[in-house]
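Worksheet for the structure shown next.
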Amino acid sequence: MSGTLNKVMLIGHLGDEVKMHYFDGGNCIGRFPLATNETYINKSTNEKITSTEWHNLVVRNKAAEICEKYLSKGDKIYVEGRIKSRQWQAEDGTTKFTTEIQVTEFTFLNVKKDLDSNRQPSASAPKGTSYERGDLPENDLPF
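Numbering-wise (my numbering), the sequence shown opens with residue 34 and increments by one.
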């Protein structure tokens, strides 16, 4: 096999609100943690064990704005993307490393409910709302 593949598919719950960062030139990125769970039964104790894995997700430009507008902590989402590792110098001079999922496609998996039934329905994304990266440029992060 001569080719390689860097593709991630996750279904999980947001661990925090989408944090936006804006750059000169109008570009932006959104970052948020995503929790995925794995549950199994310990055969020796017959105990149900759940372990949570946290993933650092990064979305760009219009996709980031959509996520910021419609997603909240606890919401369920399906994402596709690729793994990207990066490093930088911290203010104290140490080198920091992180591994992130750069999201290329996503689908919201739950519906926002309007708390006040007398108001018009909020501008929330309907179940199954999805975004495909399409023809967005494949640039590296601007930092």
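Think of the CB as a built atom: it goes at the ideal place given N, C-alpha and C, for glycine as much as any other residue. Note that the structure is predicted; figures quoted are calculated from it, not measured.
Rounded to whole angstroms, the Cβ separation of residue 134 and residue 41 is 5 Å, and the two are in contact under 8 Å. A direct Cα-to-Cα measurement between residue 66 and residue 105 gives close to 11 Å. Within the region 51–103, complete alpha helix (DSSP H) segments of at least 4 residues are found at 94–103, given in chain order. Contact between residue 142 and residue 112 does not hold, since the beta-carbon distance rounds to 10 Å and is not under 8 Å. The beta-carbon separation of residue 85 and residue 75, rounded to 16 Å, does not stay under the 8 Å limit for a contact. When secondary structure is reduced to three states using DSSP, residue 37 falls in the coil class, being assigned neither helix nor strand. The Cβ atoms of residue 53 and residue 124 do not sit closer than 8 Å to each other. When DSSP states are grouped into helix, strand and coil, residue 133 belongs to the strand group.
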